Amino acid sequence: MSVIEGAIVYSNLLVLLSVGLTLTYITTAVPNFAQGSFAVFGSYISLTLLRLYNLHPYYSLPFTFVLGGLLGLTVYLLMLRPLIKREASVVILMISTLALDLILLGIIGSYSDSLAQFTHKSASRFIFTPYDFNLAGLSAILLVSSLVIFLSLFGLFLLLYKTRFGVALRASMENPDLAEVMGVNVEYTRLFSWFLSGALAAMAGTLLPFRQEIVPSTGAIIIVSIFAASIVGGLANINGALLGGYIIGFSESFLTYNLSAILGTGILLYSKVISLVVLVIVLILAPRGITGVNWRRVLWKKSSSQ
Amino acid sequence: MEEVIVTIALWFGFYTIVSLSLNLEYGFAGIPNFGRALAVLMGGVAVGGIFNRILIYAFGVSGDIITASAQIRSMTNDLIASNPVYGVGLLLLCLALAAILGAVTGALFILPSAKLSEDYLAITLLAISEVAFMVCNYNTAIIGGYYGVSTPDVLAFVPGEERMVAFTVVTLLIAFLVYVIVRRLTNSPFGRLLRAMRENESVVEATGKSVMVLRIKTAAIGSALASLAGALYSLYSVNVIATSFSRVEWTFYPFLMLLLGGAGNNRGVVVGTFTFVIVKILLTIYKHEIRTFLHLPFEAVWLEYILFGLLMYFVLLYRPEGLIKERPIFTAPIKKVVAKIRA
């Protein structure tokens, strides 16, 4: 896999994860610290299907989509909705997703040990790269991840902009109270966003082992990149997640690789530092992310000062 | 049995320091510090990275930090064994280094809060702490990374079998000091100002106080205190290794103890810490027994994670104010007014 290919694949996966994070943030106003573990949950579903039924990870994508979605729904219904009903503050909700992350880590870890005992093959550390192949000179993961991202985003935009449900969804994302007055059931928006967030994250989890090794605690490592992607783009805007995902994905893999030519290969270990630096720079310049900036006003100020 | 009690007392000491420092920052000042582990890690860096280097320079030992530290350990241990004053002096030096490094890191680390709202701030602090953890883990030049560095045993003059008890006494003493400091701070005009900031920042600004300066002061003090725990923990295990400063152990668990006990109530936090530590240490000590008894096909540590995650959730859902509620402020003038009304 060339560096550019790797960067595109990684960015695609980050976009899948950060779009989900942004969606749930818009509808429920809580940054989900368990988004990384949602992905690892998907990785383990694919691993199970591969080990038990010899199903190629690419074919397990529909299963992870559905199961990941159900996980997202369960989390919202059992965990967050009761807290929201009791009018918990944002910090309390954030702490509850931290707790969720720990619970998921415990479940995934114990599942990984049990699976290893059942199949007599270690499951605490795995990678799917041996199952990848080449299609027309490009690695299959590049095509598959691009296809997945294209289909999910195309589907999402069709839904949001071409259906009545989408209009209701966008209305309740923009202004929940007003939408409720107009007869929209805001609860549906939340259910939908948590389903989709879980589903997209789990699909990213299926594809992630093609690029990096997965351990039960991988979620804790990738969460920094996911948040960086969402915040750089702007947590309040889905398009922002798209933009942020590619910015962080490319700076983490492509920029780091190019820097290693100047500063030595040691820097490759510090790819997360690069995304943190990008995050901090963006937050200083634009605390609401790139899409949170009123660009028309910035351009107008520039032209009027000349 | 005796060993179990000593272990509980030791960890109660470490965790009391950290959860009280978090109480100052989150319970009183309302700063959602999701990066508490960073300050504790700085305690480890102060011992493994700075204190060790000072000794290496003083003794003129050559070589990289990992091998030189091992040499330093045997040299200083001999010195400390023959002269206890030396050991106590080094212990105090370590604590001072940790407090200074912690305070500086805390003050710098909170700067993003100038521009960010609560949720963005929490994410940024968590990201900074997580990245610092990764750097210390991968880079073997700071504190030996995943190999770890050894540190001198500052209590080398105590015979081997009593070392743990002696260290527990030292830790509990410092935890008590931290309790006194936090209590005095929070029962002062400064503490009331912090509570006011938590409830409404605009009101504090309107009275002419700078919210940012208040936040920097709080984070510096809180991080300095938490660093003490990191330094003590490193000196206790005579080994600094980055992996032992994980987010679960030093950010999530302190939050659990704090919320279990009651945010904004120092006595409650101590009770919460004590409850948590008993459960945690018993789980850790009897993990093999639990595993065989329940026929678990997996490591008991995963069970611990699920259990503490659920405990946190139920505390948030059913008892968000904690075991002991935060009490209203009774200053001398208010007491006078109350007495007048009653009379």
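Line by line, the protein sequences give chains A and B. Positions in the first sequence are counted from 1; adding 30 to them yields my numbering. Positions in the second sequence are counted from 1; adding 1 to them yields my numbering. Just so you know, even glycine gets a beta-carbon here, dropped at the ideal spot from N, CA and C. What you are looking at is a predicted structure, and each value in this text was computed from that prediction instead of being measured.
Contacting residues, own chain, Cβ-Cβ under 7 angstroms from residue i (five flanking each side not counted)
i: W251 (chain B); result: V19, R37, A38, V41
i: M109 (chain A); result: S126, L130
i: A128 (chain B); result: none
i: I278 (chain A); result: L44, S255, A258, A259, V262, S305, V308
i: F29 (chain B); result: T187, G192, L195, R196, R199, G265
i: L261 (chain B); result: G273, T276, F277, V316, G323, L324
i: R116 (chain A); result: none
i: T57 (chain A); result: M203, T219, R220, S223
i: F95 (chain A); result: A229, A232, M233
i: L238 (chain A); result: L43, A69, S73, I244
Buried or exposed (CB count within 10 angstroms, at least 16 for buried), residue i
i: M212 (chain A); result: exposed
i: L236 (chain B); result: buried
i: D120 (chain B); result: buried
i: L172 (chain A); result: buried
i: A344 (chain B); result: exposed
i: K302 (chain A); result: buried
i: W350 (chain B); result: Any question about residue 350 (chain B) goes unanswered here, given that chain B covers just 2 to 344.
i: E26 (chain B); result: buried
i: P255 (chain B); result: buried
i: S63 (chain B); result: exposed
i: Y337 (chain A); result: This structure leaves residue 337 (chain A) out entirely; chain A is present only between 31 and 336.
i: S130 (chain B); result: buried
i: E4 (chain B); result: exposed
i: A230 (chain B); result: buried
i: M258 (chain B); result: buried
Neighbour flag for residue i against chain A, beta carbons, 8 angstroms
i: P85 (chain B); result: no
i: E206 (chain B); result: no
i: V41 (chain B); result: no
i: R199 (chain B); result: no
i: P113 (chain B); result: yes
i: I129 (chain B); result: yes
i: A10 (chain B); result: no
i: F29 (chain B); result: no
i: I124 (chain B); result: yes
i: D79 (chain B); result: no
i: F246 (chain B); result: no
i: K288 (chain B); result: no
i: K116 (chain B); result: yes
i: F191 (chain B); result: no
Residue i at chain B interface by Cβ criterion, 8 angstroms
i: I125 (chain A); result: yes
i: V254 (chain A); result: yes
i: G270 (chain A); result: no
i: S109 (chain A); result: Checking the displayed sequence, the identity of residue 109 (chain A) turns out to be Met instead of Ser. Closer than 8 angstroms: yes.
i: A250 (chain A); result: yes
i: F257 (chain A); result: yes
i: Q65 (chain A); result: no
i: L238 (chain A); result: no
i: Q147 (chain A); result: yes
i: L135 (chain A); result: yes
i: L309 (chain A); result: yes
Chain-ordered neighbours of residue i on chain B, where CB pairs are closer than 7 angstroms
i: V303 (chain A); result: V132, V136
i: S144 (chain A); result: P298, F299
i: L299 (chain A); result: Y139
i: L226 (chain A); result: What L226 (chain A) touches in chain B: nothing, since even the nearest Cβ is about 21 angstroms away.
i: I261 (chain A); result: Y121, I124
i: S223 (chain A); result: By Cβ distance, chain B contributes nothing, its closest Cβ being about 17 angstroms from S223 (chain A), past 7 angstroms.
Same chain only: Cβ atoms within 8 angstroms of residue i, ignoring 5 sequence neighbours per side
i: F134 (chain B); result: A38, L39, L42, A243, F246, S247, R248
i: V239 (chain B); result: R74, S151, T152, P153, D154
Residue i: contacting residues in chain A (beta-carbon distance under 7 angstroms)
i: F347 (chain B); result: The displayed coordinates of chain B run from 2 to 344. Any statement about residue 347 (chain B) would go beyond what the structure contains.
i: V249 (chain B); result: L132
i: D1 (chain B); result: With chain B running from 2 to 344 in the structure shown, residue 1 (chain B) is simply not present.
i: F253 (chain B); result: L128, L132
Cβ-based neighbour list, residue i, same chain, cut-off 6 angstroms, excluding 5 preceding and 5 following
i: V323 (chain A); result: A316
i: I67 (chain B); result: G145, Y148, V150
Closer than 9 angstroms at the beta carbon, the chain B residues around residue i
i: I122 (chain A); result: L260, L317, P321
Under 8 angstroms from the C-beta of residue i: neighbouring residues of chain A
i: P33 (chain B); result: V121, M124
Residues that residue i contacts on chain B, provided the C-beta gap is smaller than 8 angstroms
i: P112 (chain A); result: L318
Residues that residue i contacts on chain A, provided the C-beta gap is smaller than 9 angstroms
i: E119 (chain B); result: S119, V120, V121, M124
i: M213 (chain B); result: Neighbours of M213 (chain B) on chain A: none; closest Cβ ~15 angstroms, over 9 angstroms.
If you scan the segment 226-273 of chain A from start to end, which runs of the alpha helix (DSSP H) of 4 or more residues do you find wholly inside it? 248-263
Task: Ordered list of alpha helix (DSSP H) runs contained in the segment 105-172 of chain A, each at least 4 residues - done: 111-115, 120-149
Problem set entry | Start-end ranges of the alpha helix (DSSP H) lying completely within the segment 134-175 of chain B, minimum 4 residues | 141-144
Next on the checklist: Just to confirm the assignment: which complete alpha helix (DSSP H) runs, minimum length 4, are found wholly within the segment 31-83 of chain B?
Outcome noted: 37-46, 53-60, 66-83
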